[in-house]
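In the numbering used here, the protein residues as written are 15 to 162. Quick reminder that beta carbons are idealized off the backbone N, C-alpha and C, glycines included.
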């Protein structure tokens, strides 16, 4: 599973120690899956069945962000991005939530520690196949930021 994100932010409110923005962007998602199992062969026996699939597609996302200057070189940064789409027998959504503390000793570079919760939910309802995929990760993150 790979994600590459590109987003544009616009500041609706900007104060000395607080900023509120809206964003629009793209999550390029590359996801591969492999399933193995035993299936009845119709003659009283079983056989090994393997199915593999992958999808790579850009998904638009919309969101918001709040940035608060806590004092000194420290910032609190919270953001949320979301998108949902329904096409024919496919329904899906992407949710990306982050809360970070950023130490930014210079205007261009910072180091941060935070928490991220990311979830993709896809449902398929076809004549010969019904299924769903819920893929989620959450946990701490350590990162660096370059601003320009």
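For this session: Assuming residue 79 contacts residue 107 (C-beta within less than 8 Å), just tell me the rounded distance between them.
Result: Within the chain shown, numbered from 1, the residue matching residue 79 stands at position 65. Within the chain shown, numbered from 1, the residue matching residue 107 stands at position 93. No, residue 79 and residue 107 are not in contact; Cβ-Cβ is about 19 Å, not under 8 Å.
Exercise. Is it buried or exposed for residue 20, if we count other Cβ within 10 angstroms and need 16 for buried?
Worked result: In the chain shown, the residue the question calls residue 20 occupies position 6. With fewer than 16 other Cβ atoms within 10 Å, it is exposed.
Exercise. By Cβ distance, which residues of its chain are closer than 6 Å to residue 146, with the 5 residues on each side in sequence left out?
Worked result: Here residue 146 refers to the residue found at position 132 of the chain shown. Around residue 146: 137.
Exercise. Excluding the five sequence neighbours on either side, which residues of its own chain have a C-beta within less than 6 Å of the C-beta of residue 98, listed in chain order?
Worked result: Here the question's residue 98 lines up with position 84 in the chain shown. Counting only Cβ-Cβ distances below 6 Å, and skipping sequence neighbours, we find 107.
Exercise. Cα-Cα, which of 45, 115, 34, 104 is closest to residue 150?
Worked result: Walking along the chain shown from the start, residue 150 turns up at place 136. Cα-wise, what sits closest to residue 150 is 45.
Exercise. In chain order, what residues of the same chain have a beta carbon less than 6 Å from the beta carbon of residue 131, not counting five sequence neighbours either side?
Worked result: Taking the first residue of the chain shown as position 1, residue 131 is located at position 117. Taken in chain order, the residues that qualify are 111, 152.
Problem set entry | Continuous beta strand (DSSP E) stretch holding residue 142: start and end | Within the chain shown, numbered from 1, the residue matching residue 142 stands at position 128. Where residue 142 is concerned, there is no enclosing beta strand (DSSP E), given that its DSSP letter is neither H nor E.
For this session: Specify the secondary structure class of residue 13 as computed by DSSP and reduced to three states.
Result: This structure cannot settle anything about residue 13, because the visible part of the chain is limited to 15 through 162.
Exercise. Who are the Cβ neighbours of residue 26 in its own chain at under 8 Å, not counting the five residues just before and after it?
Worked result: Numbered from its first residue, the chain shown carries residue 26 at position 12. Excluding residues within five positions, the ones whose Cβ falls inside 8 Å are 34, 35, 36.
Exercise. Is it a yes or a no for the segment 110-130 touching the segment 81-92, going by three-plus beta-carbon pairs under 8 Å?
Worked result: yes
Exercise. When we look at the beta-carbon of residue 75 and count the other beta-carbons within 10 Å, is it buried (16 or more) or exposed?
Worked result: Here the question's residue 75 lines up with position 61 in the chain shown. So residue 75 ends up on the buried side.
Problem set entry | residue 32 and residue 82 closer than 8 Å at C-beta | Counted from its first residue, the chain shown places residue 32 at position 18. Counted from its first residue, the chain shown places residue 82 at position 68. Yes, the Cβ-Cβ distance between residue 32 and residue 82 is below 8 Å.
Problem set entry | Other residues of its chain near residue 40: CB distance less than 8 Å, five sequence neighbours each side excluded | Within the chain shown, the letter at position 26 stands for residue 40. Around residue 40: 19, 20, 21, 72, 73, 74, 75.
For this session: Return the CA-CA distance between residue 141 and residue 122, expressed in angstroms with no decimal places.
Result: Sequence index remark: in the chain shown, residue 141 carries index 127 (1-based). Sequence index remark: in the chain shown, residue 122 carries index 108 (1-based). Each residue's alpha carbon lies about 54 Å from the other.
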